[in-house]
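Engineer:
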Amino acid sequence: MRYGPESTATAGIPNVVTALEFDRLFKLREQHAIKTKSIVFIQCVGSREKDRMYCSKVCCTHSVQSAIELKQEDPNRMVSILYRDMRTYGQREALFKKARELGVIFINYELHGKPIVESRHKQVTVGVWDHVLHRPLQIQADMVVLATAIVANPDAEKLNKLYKVSLDGDGFFQEAHAKLRPVDFTTEGMFVAGLAHYPKPVEESVAQALAASARAATLLSRSEVSLDAIKAEPNLDYCDGCALCLDVCPYHAITLVEEKPGEDGAVSKYISVNKAQCKGCGLCQGTCPKRGVAVQGFTMDQITSQIEAALAV
Ligand SMILES: Cc1cc2nc3c(=O)[nH]c(=O)nc-3n(C[C@H](O)[C@H](O)[C@H](O)COP(=O)(O)OP(=O)(O)OC[C@H]3O[C@@H](n4cnc5c(N)ncnc54)[C@H](O)[C@@H]3O)c2cc1C
Ligand code: SF4
Ligand code: SF4
Ligand code: SF4
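For reference, each letter of the sequence shown is one residue, going 989 to 1301 in this note's numbering.
1) According to DSSP, is residue 1175 part of a helix, a strand, or is it coil?
2) Measuring straight from C-alpha to C-alpha, what distance separates residue 1125 and residue 1117?
3) Enumerate, from N- to C-terminal direction, the unbroken beta strand (DSSP E) stretches of 3 or more residues contained entirely within the region 1163-1222.
4) For residue 1103, count neighbouring C-beta atoms within 10 Å of its own C-beta (all shown protein chains included) and say buried if the count is 16 or more, exposed if not.
5) Determine the closest residue to residue 1184 out of 1082, 1155, 1038 and 1263, with distance taken between C-alpha atoms.
6) Is residue 1201 a contact residue of ligand 2, with contact defined as CB to any heavy atom under 8 Å?
7) Would the C-beta of residue 1138 count as close to ligand 6, meaning under 8 Å from any of its heavy atoms?
8) Hey, out of 1200, 1221, 1255 and 1025, whose CA is closest to residue 1264's CA?
9) Using 8 Å as the cut-off, can you tell me whether the region 1185-1201 makes contact with the region 1229-1247, which would need three or more C-beta pairs spanning the two stretches below that distance?
10) If you measure from the CB of residue 1268, is any heavy atom of ligand 4 nearer than 8 Å?
11) How about residue 1133 and residue 1001: do their beta carbons lie closer than 9 Å?
12) Going by the beta-carbon positions, is the gap between residue 1261 and residue 1137 smaller than 9 Å?
13) Taking 9 Å as the CB-CB cut-off, is residue 1169 touching chain C?
14) How would you write the range of the beta strand (DSSP E) that residue 1230 sits in, first residue to last?
15) DSSP puts residue 1161 in a beta bridge; with which residues?
16) Do the region 1059-1073 and the region 1091-1106 meet, that is, are 3 or more Cβ pairs less than 8 Å apart?
17) So the candidates are 1293, 1230 and 1119; which of them puts its Cα closest to the Cα of residue 1277?
18) Residue 1290 to residue 1173, Cα distance in whole Å?
19) Rounded to whole angstroms, how far is the Cβ of residue 1259 from the Cβ of residue 1281, which I believe are closer than 8 Å?
20) Can we say the region 1105-1112 touches the region 1000-1014, given the rule of at least three CB pairs closer than 8 Å?
21) On a CA-only basis, which of 1186, 1055, 1158 and 1159 is nearest residue 1170? Give me that one, please.
22) Put residue 997 into one of helix, strand or coil per three-state DSSP.
23) Determine the direct distance from the alpha carbon of residue 1293 to that of residue 1299, and round the result to whole angstroms.
24) By the three-class DSSP mapping on this structure, what secondary structure does residue 1302 have?
25) Can you round the beta-carbon distance between residue 1090 and residue 1127 to whole angstroms, since I take them to be within the 8 Å contact cut?
26) State the Cα-Cα distance for the pair residue 1074 and residue 1205, rounded to the nearest angstrom.
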């Protein structure tokens, strides 16, 4: 997954970093991390608005945790967190409480009053409307840390095309059913877990990965796998191998068979359906103009009889 700053009004201002960049600096104890006396975290940068309505879910905890470490390292530091909603859910609430006890300042902002980061004479200032105090605040900051949105990896589209695994509107992988099949893809034998599914903290990623591996084990432990009965069946009396249906099959289940020329020199062409790959969706049947292929149990004659029976009632 990518953790992208995207385009922010702060791009290019020195001492304005993303959460990941801050982590690297803090780990290395580079000059920024050890000398800074005033640090401002800005939450929900690029999340929960316009094109990205989802919550990135980990950034509140990440900023609160970082703020605690900064305060523990130097209690005289001024650490402020500008937030829309503090989503330190579950047991993470204890971190929120601890940060407040250590003196981290939490300032709530609204979407219509987003913080404004400006740089003048090498000094970064963050302006925000404090709607509790009912007045604008200007905070001098040695460093500003942006909790930027977690965005889907564009590579997911390649996997989507290759394995026919669905993506949601935000580009994350989508499970077959949120409640009934939460780690399955609609494509059988494919499972999903982790940040590629949607933003989530590490323990949720691990729990989901365990569930996905358990689902995979139920398949791998079988010596035989039974297929559904509903599969496409070519009708070689009608199929002339025109290949119209090949590209429409979303599961690449159809191959064109070309037999060597007979004595008359004619090449015999027809299709073959891989029953393990076919999902019985019927697209090939709907495409074929010659009744060269039909889904078992749903042949044209059967469907016609059903319609006639329904109309006769
Ligand atoms: C800035 C940030 C802060 C976070 N803070 C917290 C926190 O405080 N607490 C918490 O619980 N969670 C936090 N998380 C979430 C946590 O990091 C994730 O839940 C966890 O890393 C998800 O694990 P994953 O294996 O699904 O994905 P990842 O950790 O993203 O691992 C995916 C791996 O796949 C590799 N990869 C990608 N594409 C390919 C490819 N085509 N071929 C081969 N390899 C590939 C990547 O390089 C990567 O190593 C945070 C996440 C971010 C980004
Ligand atoms: S986790 Fe917090 S900072 Fe991140 S998008 Fe959700 S509310 Fe905003
Ligand atoms: S099944 Fe129909 S569409 Fe497909 S190759 Fe045969 S004739 Fe063409
Ligand atoms: S029924 Fe659907 S999955 Fe099966 S061969 Fe036809 S198009 Fe492909």
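Glycine included, every Cβ here is placed at the ideal spot set by N, Cα and C.
The structure displayed is predicted, hence computed values, not measured ones.
Structural biologist: Short version:
1) coil
2) 6 Å
3) 1220-1222
4) Buried, by the Cβ-count rule.
5) 1155
6) no
7) The model depicted lacks ligand 6 and carries ligand 1, ligand 2, ligand 3 and ligand 4 instead.
8) Ranked by how close their Cα comes to the Cα of residue 1264, the residues 1200, 1221, 1255 and 1025 have 1221 in first place.
9) no
10) In this structure, ligand 4 has a non-hydrogen atom nearer than 8 Å to the beta-carbon of residue 1268.
11) no
12) Not closer than 9 Å, so no.
13) The structure shown contains no chain C, having only a single protein chain.
14) Element bounds for residue 1230: n/a, residue is neither H nor E.
15) Its beta-bridge partners are 1155.
16) With the cut-off at 8 Å, the region 1059-1073 and the region 1091-1106 touch.
17) Cα-wise, what sits closest to residue 1277 is 1230.
18) Distance between the alpha carbons of residue 1290 and residue 1173 is about 31 Å.
19) Right, their Cβ atoms sit about 6 Å apart.
20) yes
21) 1186
22) Because the pLDDT at residue 997 is just 44, under 50, the model does not fix this residue reliably, and the point stays unresolved.
23) A straight line joining the alpha-carbon of residue 1299 with that of residue 1293 spans about 10 Å.
24) As displayed, the chain neither begins before 989 nor continues past 1301, which places residue 1302 out of reach and without an answer.
25) At roughly 18 Å, the Cβ-Cβ gap does not stay under 8 Å, so residue 1090 and residue 1127 are not in contact.
26) 38 Å
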